[in-house]
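Engineer:
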Amino acid sequence: MIALTFQARDGRTTDATAQPGETLLRVGQRVGQPLEGTCGGQMACATCHVLIDPHYLDHLPAPSVEEEDMLDLVPDATRSSRLACQIVVTEHLRDMIVRLP
């Protein structure tokens, strides 16, 4: 199991564990995070927008053109913005903090 932490806008944290290969969306929803994932992880919305700890960005594949297009619709997107449905948990993400904007 891979330990992760979700941090709400107000600073409250929720610890989670993930199996390698799970998406951040699935993990976050399982531990009660407000990640809608309206499109069911099909990258047709941006309701699973999260902010990735900058120290972990290099351990992720670059966002696809489609993901970047969806993030362009997010008014508060930053360089750390990603869609949780597109992040597959790997051992490299152990102890990562995922911030909810």
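In terms of full-length UniProt numbering, the sequence shown has 36 at position 36, counting the first letter as 1, and numbering is strictly consecutive.
In this text, a Cβ means the ideal position worked out from N, Cα and C, and glycines have one as well.
Pick out the complete alpha helix (DSSP H) segments inside the UniProt domain "2Fe-2S ferredoxin-type" (2 to 101), 4 residues or longer, and give them in chain order.
Structural biologist: 24 to 30, 65 to 71, all fully within the UniProt domain "2Fe-2S ferredoxin-type" (2 to 101).
Engineer: Rounded to the nearest angstrom, how far is the Cβ of Pro-101 from that of Arg-9, given a contact under 8 Å?
Structural biologist: Locating residue 101 in the sequence shown gives position 101, counting from the first residue. Locating residue 9 in the sequence shown gives position 9, counting from the first residue. About 7 Å separates the two Cβ atoms, so the contact holds.
Engineer: If you drop the 5 nearest sequence neighbours on each side, which residues of the same chain put their C-beta closer than 6 Å to that of Cys-45?
Structural biologist: Position 45 of the sequence shown, counting from 1, holds the residue named residue 45. Excluding sequence neighbours, Cys-45 sits near Thr-38, Cys-39.
Engineer: Report all residues from its chain with a CB closer than 7 Å to the CB of Val-27; omit the five preceding and five following residues, and keep chain order.
Structural biologist: To locate residue 27, count along the sequence shown from 1; it is residue 27. Excluding residues within five positions, the ones whose Cβ falls inside 7 Å are Leu-4, Ala-16, Ala-18, Val-89.
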